[in-house]
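In my numbering, the protein residues as written are 13 to 113. The C-beta atom is built at its ideal place from N, Cα and C for all residues, glycine as well.
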């Protein structure tokens with residue numbers, strides 16, 4: 013469900029905030045395989061905030077558009093890969109990665 017909220021959150025950021033709050037709440041009682049997804053989702057949120065903030069500031073110069081494009085593609089790939097693993101009931105192989113898996 014959190015991955016779906018993140019997908020919606022790309023267009024309506026409030027959904028992303030709800031998603032990260034749910035991830036923080038649910039991770040304590042989660043089995044290990046699910047805990048890895050919560051950790052990945054929380055990291056995705058904070059890294060997305062950082063990339064979006066940097067891209068927004070850099071919009072003053074043209075490179076900001078490239079940073080925001082990178083952020084969008086990066087976020088979509090992370091969300092879709094995480095959702096795919098979750099749908100197969102598999103733990104995320106590397107929830108601490110900055111990339112995708």
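Would you call the CB atoms of residue i and residue j closer than 8 angstroms?
i	j	result
residue 67	residue 80	yes
residue 112	residue 83	no
residue 95	residue 36	no
residue 57	residue 74	no
residue 17	residue 30	yes
residue 51	residue 105	no
Report the residue from the options whose alpha carbon sits nearest the alpha carbon of residue i.
i	options	result
residue 103	86, 53, 87, 74	53
residue 21	99, 110, 87	87
residue 101	24, 42, 18	42
residue 99	27, 34, 49	49
residue 97	45, 26, 27	45
What distance in whole Å lies between the Cβ atoms of residue j and residue i, which are believed to be in contact at a cut-off of 8 angstroms?
i	j	result
residue 39	residue 47	6 angstroms
Mark residue i as exposed unless 16 or more other C-beta atoms lie within 10 angstroms of its C-beta, in which case mark it buried.
i	result
residue 90	buried
residue 110	exposed
residue 24	exposed
residue 115	Residue 115 falls outside the range modelled here, since the chain spans only 13 to 113, and no answer is possible.
residue 71	exposed
residue 62	exposed
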